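Here the structure comes first, spelled out in structure tokens, and everything after it is commentary.
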Amino acid sequence: GAEAELQDVVRAGEHDPSLLRAKVAALNALGKLFIETGEVQRARDSFAEAIRLLPPDARSLASSVHTNSGMLALRTGRLADAETSFRIALDHDRALGSQLDEAKVLTNLGIVAYHQGDPDRTRTLWHEALVKHRAVGNAESTAVVLGNLGELALENGDLEQARRRTEASVELKRTLGQPTAEAYGTVNLARIALRTGQHDRVLALCDRVLQLLAGDAGLAVRATSLLLAGEAHEALGDRQRALHTLSLAADTARRSGNPAVGTVSLARLAEIRAAAGDLDGARSLLDEADSLAGPASSRIVAVCARGQLEQLAGRREAACAHLDEARTLATQLALGPAADGSLAVGRLERTLGGS
Numbered sequence: 010g011a012e013a014e015l016q017d018v019v020r021a022g023e024h025d026p027s028l029l030r031a032k033v034a035a036l037n038a039l040g041k042l043f044i045e046t047g048e049v050q051r052a053r054d055s056f057a058e059a060i061r062l063l064p065p066d067a068r069s070l071a072s073s074v075h076t077n078s079g080m081l082a083l084r085t086g087r088l089a090d091a092e093t094s095f096r097i098a099l100d101h102d103r104a105l106g107s108q109l110d111e112a113k114v115l116t117n118l119g120i121v122a123y124h125q126g127d128p129d130r131t132r133t134l135w136h137e138a139l140v141k142h143r144a145v146g147n148a149e150s151t152a153v154v155l156g157n158l159g160e161l162a163l164e165n166g167d168l169e170q171a172r173r174r175t176e177a178s179v180e181l182k183r184t185l186g187q188p189t190a191e192a193y194g195t196v197n198l199a200r201i202a203l204r205t206g207q208h209d210r211v212l213a214l215c216d217r218v219l220q221l222l223a224g225d226a227g228l229a230v231r232a233t234s235l236l237l238a239g240e241a242h243e244a245l246g247d248r249q250r251a252l253h254t255l256s257l258a259a260d261t262a263r264r265s266g267n268p269a270v271g272t273v274s275l276a277r278l279a280e281i282r283a284a285a286g287d288l289d290g291a292r293s294l295l296d297e298a299d300s301l302a303g304p305a306s307s308r309i310v311a312v313c314a315r316g317q318l319e320q321l322a323g324r325r326e327a328a329c330a331h332l333d334e335a336r337t338l339a340t341q342l343a344l345g346p347a348a349d350g351s352l353a354v355g356r357l358e359r360t361l362g363g364s
């Protein structure tokens with residue numbers, strides 16, 4: 010197979026100095042292969058050996074090795090290592106005058122800054138990447154970065170900027186014939202419409218998402234669209250349709266294996282059931298949400314739903330304790346005002362009268 014062939018090149022390079030560049034390229038390719046197969050340590054070892062052996066004049070190869078090493082570090086949560094690798098790759102790309110590769114690395118550095126909780130630096134890096142992607146006519150990456158900037162604006166409450174960026178991204182994805190990517194962007198347009206109270210538009214956009222996705226493609230996106238549609242039905246006062254749609258969202262999230270969407274769907278379903286008087290059913294849903302072990306950003310929604318449940322059960326002190334827990338988590342995560350967790354905190358605060 011591919012691994013055996015690459016290992017043959019590596020072994021040949023051990024005995025023939027003229028094959029050094031080929032050996033480094035093979036180690037780089039092995040590292041990428043091990044990333045795909047989930048063999049993290051083998052990937053790290055391959056990239057480390059490739060970096061150790063890099064010829065000083067092999068800038069293009071060096072850029073590739075450091076970029077791939079950075080991607081591995083990013084995937085495994087080693088943000089400082091990822092940033093270091095991407096910065097080295099960026100230096101090589103600039104020396105080579107490769108705007109396309111430079112734009113890709115700037116995009117990755119923006120992702121690192123995003124995960125480091127630095128929205129201003131994220132925005133700056135993605136803007137710089139966007140200019141370069143457009144300059145070289147890379148429509149696919151332009152669409153991705155526009156979508157990233159739209160999500161960033163949405164998270165930070167700049168809904169008009171979020172709408173403009175996301176609409177531009179969706180239009181490009183439609184032109185490129187990428188229905189799954191278009192569906193993802195359309196979900197974000199539905200998020201924006203929900204935040205601005207355009208509930209009928211939310212439902213229309215969510216219908217569009219379901220039309221774009223065939224079979225089991227994009228289950229997590231499908232689940233998110235159903236979640237947003239359920240939220241819109243609830244806001245329009247149609248509780249039965251809200252319950253039905255949120256149940257579909259939870260089922261789809263289970264099938265997708267996405268704990269974040271599943272946790273939020275179950276928590277919102279629990280809130281609405283609790284408000285309708287089904288406290289036991291709501292509690293059971295929240296127990297399931299907890300078992301999914303979703304990320305902290307989605308667990309905030311479940312914590313707030315428990316607060317709503319405690320308040321409805323007449324246990325105000327317990328409800329306030331859940332509010333305090335949710336506020337602490339939201340502060341630790343530096344959530345933007347439009348994040349699901351921030352909105353859940355706001356709902357519980359209103360229920361408790363601003364406690």
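Quick note on this note's numbering: the sequence shown kicks off at 10 and runs consecutively. Just so it is clear, CB atoms sit at the ideal spot from N, CA and C, and this is done for glycine as well. All figures in this text were calculated on a predicted structure; none of them were measured in a lab.
Taking the alpha helix (DSSP H) that residue i falls in, what are its first and last residues?
i: valine 18; result: 11-24
i: glutamate 65; result: The amino acid at residue 65 is misidentified as glutamate; the sequence shows proline. Taken as a continuous stretch (DSSP letters only), proline 65 belongs to no alpha helix (DSSP H), as it is neither H nor E.
i: proline 128; result: 128-144
i: arginine 356; result: 349-360
i: glutamate 243; result: 228-244
i: glutamine 341; result: 325-342
i: alanine 283; result: 268-284
i: proline 188; result: 188-204
i: aspartate 167; result: Taken as a continuous stretch (DSSP letters only), aspartate 167 belongs to no alpha helix (DSSP H), as it is neither H nor E.
i: alanine 322; result: Here alanine 322 belongs to no alpha helix (DSSP H), and DSSP marks it neither H nor E.
i: glycine 119; result: 108-124
i: aspartate 296; result: 288-300
i: threonine 261; result: 248-265
i: alanine 104; result: 88-105
i: glycine 40; result: 29-45
i: glutamine 220; result: 208-221
Look at the alpha carbon of residue i and the alpha carbon of residue j, and state the distance between them as a whole number of angstroms.
i: histidine 101; j: leucine 161; result: 28 Å
i: serine 234; j: cysteine 313; result: 22 Å
i: threonine 133; j: leucine 168; result: 18 Å
i: leucine 29; j: threonine 151; result: 36 Å
i: glutamate 334; j: glycine 350; result: 12 Å
i: glutamine 366; j: arginine 210; result: This structure gives no information on residue 366, because the portion of the chain shown stretches from 10 to 364.
i: glycine 126; j: leucine 344; result: 9 Å
i: leucine 255; j: glycine 106; result: 50 Å
i: glutamate 180; j: arginine 130; result: 26 Å
i: threonine 184; j: serine 73; result: 30 Å
i: aspartate 4; j: alanine 269; result: Any answer about residue 4 is impossible in this case: the structure gives the chain only from 10 up to 364.
i: glycine 79; j: threonine 116; result: 12 Å
i: serine 55; j: glycine 146; result: 33 Å
i: glutamine 108; j: serine 94; result: 18 Å
i: aspartate 289; j: leucine 212; result: 30 Å
i: aspartate 247; j: alanine 148; result: 41 Å
i: alanine 21; j: serine 27; result: 10 Å
i: lysine 141; j: alanine 91; result: 21 Å
i: arginine 61; j: leucine 118; result: 23 Å
i: valine 18; j: leucine 81; result: 23 Å
i: leucine 214; j: leucine 222; result: 13 Å
i: alanine 13; j: leucine 42; result: 11 Å
i: aspartate 57; j: glycine 266; result: The displayed chain sequence assigns alanine, not aspartate, to residue 57. Rounded to the nearest angstrom, the two C-alpha atoms are 33 Å apart.
Below 8 Å on the Cβ atoms is my contact criterion, and I expect residue i with residue j to pass it. Report the Cβ-Cβ distance as a whole number of Å.
i: leucine 203; j: leucine 237; result: 6 Å
i: leucine 321; j: alanine 283; result: 5 Å
i: glycine 159; j: arginine 174; result: 4 Å
i: alanine 59; j: leucine 36; result: 4 Å
i: leucine 70; j: alanine 98; result: 11 Å between Cβ atoms; not a contact.
i: alanine 38; j: leucine 15; result: 5 Å
i: glycine 239; j: arginine 277; result: 7 Å
Checking 8 Å against the spacing of the C-beta atoms, do residue i and residue j come in under that value?
i: alanine 104; j: arginine 53; result: no
i: valine 154; j: alanine 138; result: yes
i: leucine 228; j: threonine 261; result: yes
i: leucine 332; j: serine 306; result: no
i: alanine 291; j: alanine 302; result: no
i: glycine 224; j: alanine 347; result: no
i: valine 114; j: threonine 85; result: no
i: valine 218; j: alanine 244; result: no
i: isoleucine 281; j: alanine 258; result: no
Going by C-alpha to C-alpha distance, which of the options sits closest to residue i?
i: threonine 360; options: Ala343, Gly350, Gly40 and Gly316; result: Gly316
i: isoleucine 120; options: Asn157, Ile281, Glu111 and Lys141; result: Asn157
i: glycine 271; options: Ala232, Asp247 and Ala251; result: Ala232
i: leucine 318; options: Leu295, Ala335, Gly227 and Arg336; result: Leu295
i: tyrosine 123; options: Ala89, Gly47 and Val230; result: Ala89
i: alanine 330; options: Leu357, Pro304 and Gln108; result: Leu357
i: alanine 11; options: His142, Ala258, Glu164 and Thr46; result: Thr46
i: aspartate 110; options: Ala144, Leu81, Arg87 and Glu23; result: Ala144
i: asparagine 197; options: Glu176, Gly206, Gln207 and His208; result: Glu176
i: valine 49; options: Leu63, Pro64 and Arg87; result: Arg87
i: alanine 206; options: Leu257, Leu222, Ala57 and Ala241; result: One detail in the question is off: residue 206 reads as glycine in this sequence, not alanine. The option with the nearest alpha carbon to glycine 206 is Ala241.
i: arginine 310; options: Ala112, Gly194 and Thr337; result: In the sequence as displayed, the identity of residue 310 is valine instead of arginine. When each option's Cα is compared against that of valine 310, the closest is Thr337.
i: arginine 264; options: Ala327, Val230 and Ser293; result: Val230
i: glycine 323; options: Pro128, Gly194, Glu23 and Gly286; result: Gly286
With 8 Å set as the bound, which would you pick, yes or no: does the beta-carbon of residue i sit closer than that to a beta-carbon of chain C?
i: lysine 113; result: Looking at the structure shown, chain C is missing, and only one protein chain is on hand.
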